[in-house]
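Asks:
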Amino acid sequence: MYRLLYPLKWTFAALDWAFYYIGVAADYISGMFGEAADYFRISIEIAEQRKRGVRVIYIEKKRRDRG
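According to our numbering, numbering within the sequence shown proceeds without interruption in unit steps and concludes at 68.
(1) Is DSSP giving VAL25 helix, strand or coil here?
(2) Under a three-way DSSP split, which group does ARG53 fall into?
(3) Can you give me the C-alpha to C-alpha distance between PHE72 and ALA27, rounded to a whole angstrom?
Next up, the structure:
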């Protein structure tokens, strides 16, 4: 009986491993897009302020995850 369950066990172990690394890759890619979106948003905001003649002082804010 147990011999019949081993292929099933290894199949689920392989699926678990694959989905874990898919999640890691998706998190990395979404982080890259998030940083790019922040950069473009800040660039647009600075350009709009310069257009209005406002003196632009920008201090970069770091996002910190609290665990």
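Every residue gets a Cβ at the ideal spot worked out from N, C-alpha and C, and that includes glycine.
Replies: So, from the listed chains and residues:
(1) Reduced to three states, the DSSP call for VAL25 is helix.
(2) It is coil, neither helix nor strand.
(3) Here the chain has residues from 2 to 68 only, and residue 72 is not among them.
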